[in-house]
DNA sequence: ACTCAACTGTAGCTATTGCTACATTTACGG
DNA sequence: CCGTAAATGTAGCAATAGCTACAGTTGAGT
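Protein chains in written order, with this note's numbering: chain E, 1 to 150; chain F, 1001 to 1150.
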């Protein structure tokens, strides 16, 4: 009888779920860094309060996560001071922004309604590998047919 | 100055991230239920040990999560006994299996290499809404062009 | 029947992300 | 200046998901 109960091939590790777990670890960082970049762009200054409103969580949660991201050299702040991006943070934010835009455009290109495209892109973007992203980009650049228009 | 710093529209809640957080809450349930179904199908019996190997975590983690899923009426077990699916669990597993297959086929259809398609499908499947899934299904059923063959 | 290895459960730790309640700081207006 | 409201920080709680170490069960083989 076939191999083990592993339903997915384990080419790069003991379990495909390992990658998903790793993604979750960076997901928060990516969301916050991207949000900081957006807020900075819109208001010129990013405060804990802005992030709390943007992410839909309490200011306490934001404070703690910002502290962690500062220790990871992604954000830069001081008590009662605005939050800025480090060089690494800027770079990560740019990558995330680009990837998010690609995923969103891709979903729209295959015919997903805008509101669901927004919601799903938020969750999907963190789980899209390099090859998948490239395929999405190619698809958006050159949609194979008028699939979206009946 | 425009609206708020919300970069994404908030059509169905205070923040698009709320949905992502909700998805995460059910993600574990879905993964475990699906794994139980697979193991049951392959070996006829599902033990804590099988799940631990399948998910790449320790048996302790599995025990605790199985207990929670039992309290949620998705799994059914007893101390030192095999793990089975409840009716609700069966239903959820079937839905997940179908969705996973769709996402994976879709990724393959847009040209993602099989190994990355496996990995990414694992992370993406939990964040795919009904409309997005339907679009993927339509795409797989009727690929617009020979996008995958250079 | 008994022994023993494998399996399972329990205790107790860490880390992350939520929260409320309370304390402190900033900054603005009078 | 000084007071106050808003913003921020801190303390301490809950739930989830990891882990190691140790204890208890099961079941197979002798």
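We treat Cβ as the ideally placed atom computed from N, Cα and C, and that holds for glycine. Here the structure is a predicted model, which is why all the values come from computation and not from measurement.
- Using a Cβ-Cβ cut-off of 8 angstroms, residue 1135/F counts as an interface residue toward chain E, since at least one Cβ of chain E sits closer than that to its own.
- For residue 1076/F, DSSP records a beta bridge to 1084/F.
- Residues 1045, 1046 and 1047 of the same chain have their beta carbon placed closer than 8 angstroms to that of residue 1082/F, with the five preceding and five following residues left out of the count.
- Only those residues of the segment 60-94 of chain E whose C-beta falls short of 8 angstroms from the nearest C-beta of chain F would be listed, and there are none.
- Among the CB atoms of chain F, none fall inside 8 angstroms of the CB of residue 25/E.
- With contact defined as three or more Cβ pairs closer than 8 angstroms, the segment 1106-1119 of chain F and the segment 125-133 of chain E are in contact.
- For residue 132/E, the residues of chain F that pass the 7 angstroms Cβ criterion are 1107, 1112, 1116 and 1120, in the order they occur in the chain.
- In this structure, the straight-line span from the alpha carbon of residue 108/E to that of residue 136/E is close to 11 angstroms.
- The alpha carbon of residue 28/E has as its nearest neighbour, out of 1025/F, 1032/F, 1029/F and 1021/F, the alpha carbon of 1021/F.
- Neighbours of residue 1031/F in chain E, taken as residues whose beta carbon is under 9 angstroms from its own, are 17 and 20 in chain order.
- Taking the Cα positions, residue 1103/F is about 12 angstroms away from residue 124/E.
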